[in-house]
Structure formats: C-alpha cells, structure tokens
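Those protein sequences? They're chains S and E, same order as listed.
Residue numbers for the first sequence follow our numbering, so the first one is 269 and each next one is one higher.
Residue numbers for the second sequence follow our numbering, so the first one is 10 and each next one is one higher.
C-beta atoms are modelled at their ideal positions from N, C-alpha and C, and glycine is treated no differently.
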Amino acid sequence: MASVSVRIAGANGDGIESSGALLIEAAAKNGLHVFGYRGYQSIVGGGHVWYQVRIGDSDLHSHGRGIDILVALNQDAILHQKNSLNNNSIVIYDPSKVNVDALDTSKSRAVKLPMLDIAMEVSGNPIIRNVVAIGAVLKFIGMDIGEFDEIIKTRFGKKGDKVVDGNIQAAARGYNYEGVETACKLSGDGKHRYVLDGNVALSYGAYAAGCKFYAAYPMTPASGIMTWFASNESKGVFFKQAEDEISAINMTIGASVAGVRAMCGTSGGGFSLMVEALGLSGMLEAPIVVVNSQRTGPSTGFPTKTEQADLLFAMHASQGEFPRIVVAPSSVKESFRIGAEALNLAERYQVPVIILMDQYLSECVDSVEQFDLDKVSIDRGKIVKASNGTGKFKRYELTGDGISPRAFPGTKGLEHIAPSDEHNEYGELMSDMLAGLDESIEMRKKMHEKRMKKIDTMLKNETVFVPKVINEGAEYFFVTFGSTTGSAIEATEILKGKGRSFGVVSFEYIMPLDKERTLKLLEGKKLIDVEANYTRQLAQVIKQSTGIEIKDSILRYDGEAFTGDEIAERALLLTN
Amino acid sequence: MANNINYTSGAKPVWCPGCGDYGVFAGLNSALTQLGIDKEKVLIVSGIGCSSAMPHVFSTYGIHSLHGRLIPVATGAKLANDDLTVIGVGGDGDGYGIGVGHLIHAARRNVDMTYIVIDNQIYGLTTGQASPTSLLGAKTKSTPLGSIETPENPVGVALAAGASYVARGFAGDPVHLAGLIKEGILHKGFAIIDVLSNCVTFNNLNTGDWYKQRVYKIEEGYDPTDMSKAVEKALEAERSNWSKIPIGLFYKKERPTYSEQDITLKKGPLVNQPDPTKQQVLEALDDLR
C-alpha cells in the first residue's frame with residue numbers, strides 16, 4: 269500500500285478548507301482513496317488551520333502520521349508544522365511570504381513556488397494562490413492535470429469563464445513550475461467513490477431509513493448533521509433548530525409519540541442538557557435516536573478536538589433504570605449503516621438509542637465505494653393501526669417480551685396518555701393517589717420489569733451486541749471502539765510489515781452487551797486497550813461485563829486522533 | 010356547534026376541592042365540546058405540577074411530560090402531525106419559571122397550538138413555594154419574609170415575544186374561559202391563555218375572592234389587533250397595584266404558522282409523507298460524487 273499525506277496550512281480565511289476539498293475531489297475522481305482531516309480552532313477568523321489530505325491506492329483508515337507534502341501558506345505553517353514533517357518530505361512555499369531557514373534540510377526539501385505572483389498574474393485574485401499550490405501537489409503525486417481542469421469547470425462554472433480560466437491557468441502554472449516534479453506515482457483504480465464525513469454518512473443513513481424529523485441546537489462537532497438536514501428539506505425530511513438541547517430532545521420525543529421517526533444530535537455539553545429527557549424517552553417508551561459527537565472535555569474543553577470520554581456517561585445518563593442502546597460507529601461507512609439501523613432498533617424496542625460519534629469520526633472525510641442500500645430496511649416495530657373495538661387501549665400492556673403495542677394520535681379508539689409518571693397498562697397515573705397502595709406497588713414492579721425485560725429481548729433477538737473481531741488468530745488484539753478502530757486496523761497492517769501479528773476487537777454496539785458471547789470472544793486473547801480517554805472507560809465496561817481485566821493500555825487524551833503508526837509504535841514497546 | 014362526544018375520561022381528578030384547576034377543566038371541556046373536534050385528533054400535553062394532571066381527566070390522546078418541557082414536546086408533536094389539535098396545559102412554575110425559555114421561542118415560532126397556563130402564583134404540588142408570578146411581599150415557604158422579586162408579567166412576555174394570540178382568563182369564570190380557549194384553538198398560530206387561578210391550600214393571598222374583587226372583562230370595543238393598546242392592557246394590573254386585573258383577549262394577529270412556511274411541512278403532515286425509495290436514496294447520494 270502506498271499513500272501520501274499532504275497538509276495545506278495557513279491562516280483561517282486563507283481558503284484552506286476549499287483547497288483541501290479540491291485536492292480530495294481531484295484524487296477521488298482519479299479513483300484514489302482519500303482521507304481528510306481538518307485541524308482548526310474555535311474562532312472565526314485568524315488562528316492557524318490546516319487540512320490534511322491523505323491519498324492512497326487502497327483503503328485508508330486514518331489521516332496518517334506526519335506530513336509528506338506541506339503547502340506552507342504562511343510563516344506559522346513552518347513554525348507549527350515543521351516537527352510533523354516526515355523523512356523525505358517536500359515543503360512548497362512562497363518565497364515572498366515564507367522563509368524556510370528553520371527547516372531540517374536532512375528531512376525535508378523546500379520547493380519555491382511564487383504562488384501569489386502567479387495568482388495575481390493569471391487572475392488578479394490572491395486567493396487563487398491555493399490553486400497554484402494544488403497544481404504543484406498534483407504533479408508531485410503523479411496525477412494528470414487534465415482531469416483537474418474538468419473539476420475546476422464544474423466547481424467554478426457558475427462564476428463565469430474568466431474565473432474558470434484563471435483557476436485552470438493557476439493550476440497549470442503550479443503543475444509545470446520549475447523544480448516541481450513527480451516524487452511518487454499513485455495509481456487510482458478508476459472507480460468513483462462517495463467522499464463524505466461521518467456526520468454526513470450518518471445523516472444519509474438516517475434519511476435512507478425514513479428519519480423524517482431532526483432537531484438540534486448548533487454545537488461543534490455535531491453541527492454537520494444539522495447542516496445536512498437543514499439543506500436537504502427538499503428530500504422530504506424536516507429540520508428544526510431548537511432554542512437549546514433540552515428543547516431539541518423534547519421536540520424529538522413529541523414527534524416520536526406523534527408517529528414519525530425522529531432524531532436529535534449534539535456534543536457532550538448539549539447531551540448533558542438532554543439527560544432528563546433521555547429518561548422521559550425511556551419512561552414513555554418513545555423511540556428516539558440521540559447523537560452525541562464527543563469532543564475534548566470536560567466543560568467547553570476543546571470544541572474542535574476529539575475524545576472518547578462520554579462512553580460511561582452515555583451508558584448511565586439520567587435517573588432511574590431504563591433500557592437503552594449505545595452504539596459507536598467505527599468508520600464513516602459504518603456511520604451510514606448505524607444511522608439507519610439505530611432507528612430500527614429504537615422503534616423495535618421502543619427505547620432511546622444513543623449514537624456515540626466523536627469529533628474525528630464526525631469530521632474526517634473518507635472515500636467510500638458504495639453503501640449497502642439493500643441492507644437498509646425499515647422496521648417500525650409493534651404499531652397498532654386500528655382499534656379492534658375491545659375497550660380501552662393498553663399502550664403499556666404487560667407482554668412477554670416487554671414490548672407493548674404503540675398507537676399514534678389520530679388513530680380512533682386507541683386514545684391514551686403517555687405519562688412520565690409511573691403508570692399502569694393504560695398509561696393511567698399511579699403516582700398521585702395510588703402510590704404506596706398495594707395495587708400500585710404490584711403494578712410498579714410489573715411495569716418496571718416489563719420495561720427492563722426489553723434488554724433480554726434485544727439480546728435474544730439481535731446478533732449485533734458483541735464486538736467485531738478483525739484478524740482472528742492474531743497473537744495480540746487491540747481492543748477499541750469508535751473512530752479509533754480505523755487507526756487500530758492501520759496499526760495491525762504496519763505491525764504485519766514488521767513481522768508482528770495483531771488483530772482488533774472493535775466494540776460498536778456497547779450497550780447492552782451480550783456478556784457470554786463477548787467473554788467467549790475475548791477469552792484467551794492477549795488484549796491491549798486503545799481508547800481516547802484517561803480512565804479506560806471501555807476497559808471498565810469490559811471488566812464489569814466479562815470480568816476480564818485488560819492490563820495494557822494505549823491512551824490518548826490530548827485532543828488529537830490516534831494514527832496507525834503511533835499505536836503500532838506504542839504496541840511494540842508494550843509487547844517487546 | 011354542540012355535539013355528543015364525551016371528551017372526559019371519568020378519572021377522579023387529583024385536585025383539592027375548590028381548586029381553580031376544576032374551572033380550567035370545565036372551560037377546556039366546554040371549548041372542545043363546542044368545537045366538536047374528533048376526539049382522536051386532540052392531543053393534550055402537560056408538564057409537571059397540579060395542572061399537569063389535566064390530560065388524565067380527558068379521554069383524548071395525551072402526553073404528561075417533564076417539568077417545564079410541555080412546549081417543546083407539544084411543538085414536536087404538532088410539527089410531526091399537523092392534523093392534530095394540540096393543547097398544552099401547565100402551571101406558572103412550569104411555564105413561566107423552569108420552562109420560560111421555551112415560551113419565548115414558541116411565541117416567535119407561531120406553531121399552531123394552544124397553551125393554557127394555570128397561573129395560581131404559587132408552587133402547589135411541592136407544598137407552597139414562591140412562583141415566578143408571586144406578588145412582591147408574598148409570604149411562602151421559600152419566602153418566609155416575603156418575596157423580594159418583581160413578579161413576571163406573562164401577558165407582557167408573550168406579547169414581546171411575538172405570540173399571535175394572547176389572552177387571560179379566570180378559573181372562577183369557566184364560561185368566559187371556554188370562549189377564550191375556543192378562540193385560541195380556532196386561531197391559526199400560537200395562542201397563549203394565562204388563567205388566573207386560586208390554590209386553596211397554599212396561596213392564602215390570591216384567593217378566589219381576591220381575584221373576583223379585582224378581575225374585570227376587557228371592555229367592548231377594545232381593539233385586540235393594536236399592539237400598543239395590548240401592551241398598555243398588559244401593564245394595567247401592575248400599574249393599578251393589582252386593583253384592576255383585565256381578563257379577555259389582549260392581542261390577536263393573523264400571521265403564517267410555522268408549518269405553513271416550512272417547505273417540507275407545507276406538503277402536508279410529516280407523519281403521512283412517504284419514506285424515500287432506494288432510487289431516491291441513490292440519487293441523493295449522487296450529491297457526493
């Protein structure tokens with residue numbers, strides 16, 4: 269496998285994101301695999317930002333460690349990025365803006381490219397300098413410039429011929445500039461791939477599964493889901509921006525009771541506000557999906573950085589006991605599948621489903637060849653559409669599997685109350701006049717058992733509540749969840765190259781967990797815990813569920829995502 | 010239009026004898042009966058508090074939600090199914106205290122629902138603490154030396170936030186109240202009805218008699234489309250040092266509802282809209298190529 273990591277770095281407002289997107293599009297159209305990750309801060313203008321675009325000839329699972337080609341748009345780019353440069357790296361810089369004296373010339377080769385002068389010459393627009401740089405990058409990685417012209421035409425066509433010509437010339441001048449020559453040749457397979465981040469994949473999955481209602485309050489890094497729903501109302505979905513996350517989740521519950529598939533999303537801070545209503549969903553048995561895209565905490569933390577420290581919080585949030593499902597997609601592709609499947613699970617079991625994303629997964633861009641649409645089905649669970657005329661409707665009927673029939677407002681003869689107070693089978697209150705009397709003590713016990721029984725039912729009926737084992741038979745296994753799975757897989761590939769045998773145990777569906785099957789999968793394996801938090805939250809869950817204590821850990825809680833190289837290096841230290 | 014639908018459930022109300030909540034029960038039941046709306050199309054949403062037992066005395070659909078959160082729950086339900094008649098019933102602690110943020114936005118949003126706030130100036134279910142509308146000097150369990158916070162003016166808040174139907178009723182006059190609720194339900198948009206109500210157990214200051222001596226019906230000829238007059242009216246109780254409390258319709262303005270303006274909801278109730286076909290999903294995914 270060959271890959272190149274290109275990092276475009278400069279100031280906020282330099283057009284870094286659109287440059288990264290252009291490069292990604294160029295590579296993907298060539299049939300190459302791409303993986304993009306933005307480094308940015310919680311400010312609107314200024315700051316030092318970058319976009320890392322990794323381009324490879326086979327599946328990529330992370331943005332890769334270090335930089336092979338750096339496009340330095342300002343002096344800060346040299347200052348902040350020089351330590352991340354790999355051996356044999358290339359630094360493209362504009363001599364009128366940037367001085368490269370600080371570079372370690374034994375590691376990096378600096379290539380002069382008067383981006384600004386060329387931009388002004390061909391278009392009179394300084395921002396075009398990025399396109400000059402992209403042209404040069406395309407040459408370095410051995411790509412054809414012809415296809416890039418087509419991308420420019422599509423992208424800027426609306427702005428008129430002058431803009432298109434300026435961009436085409438800018439790219440060509442960069443491509444053909446003296447000293448810019450092909451350093452490696454990546455060959456694409458000609459396949460067209462979808463290019464998207466985890467938030468967008470999740471949104472598409474939910475849409476495909478008939479999610480009609482999404483409510484949210486803006487919060488990084490979950491806002492991408494909001495943007496998707498807000499800009500796709502023409503597809504028959506509805507988005508409501510709420511005044512706060514409390515409102516967002518309560519609206520979602522209202523929509524669910526009224527009969528539509530409903531989802532809300534936020535990050536940890538907003539999820540904290542949603543906690544009370546999470547229990548309301550549990551008590552009303554109103555199916556909802558709640559997305560928590562984790563970022564570095566506690567409190568405001570690093571709004572634009574990643575972490576996986578809300579796992580135990582998601583599993584235990586809200587007072588009392590009620591069944592819930594917690595699932596952490598392991599990749600952009602899986603985010604699509606889980607975005608769809610979470611809605612089925614929520615409605616089948618009438619429970620809240622929490623999808624734990626993280627900033628890295630939410631915002632990293634991956635190329636995906638195809639989504640398995642044939643596997644997207646819509647199962648709305650036990651819904652009664654008409655009264656059979658036999659008296660009052662038992663919305664909370666005590667059933668063998670714990671799942672009671674649902675009826676939506678508007679259905680004649682099935683009128684009932686969905687109450688947050690403890691209730692009987694009809695949804696009638698037991699909390700006021702009956703609490704503590706014999707009949708309510710008995711019913712409370714039965715009703716609570718009915719709800720909790722749904723956990724057994726889901727474990728019995730579903731096969732998903734066990735971790736996935738990748739590379740069964742390996743000597744060691746990385747135990748991980750969420751986006752860290754990708755980097756762990758990459759680490760196994762790197763270690764294989766060094767003659768070491770590693771596999772991955774990835775927990776996607778974490779709650780409930782099929783304890784026996786999980787124990788069987790883990791027993792006898794040499795395990796190394798890899799997660800982006802301090803307290804080894806997944807390892808705690810595993811110990812509590814299976815009794816297995818994982819001794820070795822590779823942890824990270826500095827806000828940055830794991831890369832395969834890093835996990836591999838640390839694994840070698842642990843196992844040598 | 011009278012009809013023979015029985016909207017009540019027969020459940021024994023939990024309220025103390027003489028509670029203003031009975032007046033609201035009677036007023037809402039009368040309004041529904043006069044309108045003759047199909048029972049299965051009515052959704053009554055409450056929060057938490059004595060007032061919030063209201064869905065249980067009715068035989069329509071209902072959601073008994075969380076303290077302060079009936080507005081977002083009701084909003085979500087209405088946005089999901091525009092065919093429903095959605096009525097929120099809560100109290101002053103619920104709607105003007107913990108949930109007041111939602112009130113402002115519901116008013117701006119103009120979702121077509123009716124919100125009845127049973128305003129007895131006390132937290133009754135928690136046995137008598139000061140509420141957001143408790144008067145200055147009110148001695149309660151949480152203000153034993155008298156409240157030193159200026160009471161909220163809910164009618165003023167609703168007007169300032171852009172509510173398109175703002176009324177105040179009195180639980181001691183359920184016939185008058187029924188008219189306000191009925192008009193609120195018929196109004197296309199967010200209708201709020203603040204209902205002055207007595208708590209026989211925990212509010213010895215604002216009793217039924219206290220209200221009776223002070224409330225008066227807004228005079229004939231008052232123009233409810235005039236915002237300036239409505240603001241004047243909203244300030245009258247405070248300015249008269251609570252000697253004259255107007256009840257009736259303060260303000261009404263026809264403006265498009267949320268659902269009438271949203272491109273998806275315009276097409277009809279969300280709950281009836283079809284799921285995407287595989288082909289539609291594939292076409293949607295083409296945005297990404």
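Counting only the Cα atoms, GLY569(S) lies some 44 angstroms from LYS197(E). Of all C-beta pairs linking the region 199–212 of chain E to the region 171–184 of chain E, three or more are shorter than 8 angstroms, placing the two stretches in contact. Annotation: GLU513(S) is outside any beta strand (DSSP E); the continuous alpha helix (DSSP H) that includes it extends over 513–526. HIS460(S) has a beta carbon lying within less than 8 angstroms of a beta carbon in chain E. Comparing C-alpha distances from LYS87(E) to each of PRO283(E), ARG298(E), GLY277(E) shows the shortest one belongs to GLY277(E).
In the DSSP annotation of this structure, the continuous segment of the beta strand (DSSP E) that includes MET122(E) starts and ends at 122–128. Taking 8 angstroms as the threshold, the shortest C-beta distance from TYR31(E) to chain S does not fall below it.
With a 10 Å radius around the Cβ and a threshold of 16 neighbouring Cβ atoms, LEU842(S) comes out exposed.
Considering only GLY58(E), HIS111(E), SER60(E), PHE67(E), the residue with the shortest C-alpha distance to ALA83(E) is HIS111(E). One finds nothing in chain S with a Cβ atom closer than 7 angstroms to the Cβ of ASP121(E); even the nearest lies about 14 angstroms away. Burial state of SER645(S) is exposed, judged by a 10 Å Cβ sphere holding fewer than 16 other Cβ atoms.
Look at the region 660–691 of chain S: the residues with a C-beta under 8 angstroms from a C-beta of chain E are PHE676, PRO677, GLY678, THR679, LYS680, GLY681, LEU682, GLU683, HIS684, ILE685, ALA686, PRO687, SER688, ASP689. Boundaries for ALA296(S): no beta strand (DSSP E) harbours it, while the alpha helix (DSSP H) harbouring it runs 284–297, taken from the DSSP string. Contact between ASP626(S) and SER561(S) holds: CB atoms are separated by about 6 angstroms, below the 8 angstroms threshold.
Positions of the alpha helix (DSSP H) runs, each at least 4 residues long and wholly inside the region 536–581 of chain S, are given as 536–552 in order along the chain. For SER821(S), the secondary structure class from DSSP, reduced to helix, strand or coil, is strand. At a cut-off of 8 angstroms, the C-beta of ILE127(E) has no neighbouring C-beta in chain S. DSSP places THR534(S) within a strand segment (E or B) once states are collapsed to three.
Excluding the 5 residues flanking it on each side, ALA469(S) has same chain C-beta neighbours closer than 6 angstroms at VAL600, SER603, PHE604, in chain order. When C-beta distances to chain E are compared with 9 angstroms, the residues of the region 515–540 of chain S below that value are SER515, ALA516, ILE517, ASN518, MET519, THR520, ILE521, GLY522, ALA523, SER524, VAL525, ALA526, GLY527, VAL528, ARG529, ALA530, in chain order. For the pair GLN805(S) and ILE723(S), the Cα-to-Cα distance works out to about 21 angstroms.
Counting only runs that start and end inside the region 179–233 of chain E, the beta strand (DSSP E) elements of at least 3 residues fall at 199–205, 224–226.
Residue pairing by DSSP places ALA340(S) opposite ALA277(S), TYR361(S) in a beta bridge. DSSP links GLN320(S) through a beta bridge to ARG275(S), TYR305(S). Residue environment for ARG275(S): buried (at least 16 other C-beta atoms within 10 angstroms of its C-beta). For chain E, the residues of the region 442–469 of chain S that bring a beta carbon within less than 7 angstroms of one of its beta carbons are HIS460, TYR462, VAL463, LEU464, in chain order. Residue contact with chain S for HIS185(E): absent (no Cβ-Cβ distance below 8 angstroms to any residue of chain S). The beta-carbon of LEU300(S) is placed no less than 8 angstroms from the nearest beta-carbon of chain E. In the three-state scheme derived from DSSP, where H, G and I count as helix and E and B as strand, TYR744(S) is classed as strand. The beta-bridge partner set that DSSP reports for GLU799(S) consists of LEU823(S). Pairing CYS28(E) with LEU134(E), the inter-Cα distance amounts to about 12 angstroms. Here HIS584(S) is exposed: its Cβ has fewer than 16 other Cβ atoms, across all protein chains shown, within 10 Å. Counting C-beta atoms within 10 angstroms of its own C-beta, ALA703(S) has fewer than 16 neighbours from the protein chains shown and is therefore classed as exposed. Distance from the Cα of PHE733(S) is smallest, within the candidate group LYS721(S), PHE775(S), VAL399(S), PHE830(S), for PHE775(S). Membership of ASP626(S) in the beta strand (DSSP E) is indicated by the continuous run 620–626.
Counting the other CB atoms within 10 Å of its CB gives GLN618(S) a total of 16 or more, which places it among the buried residues.
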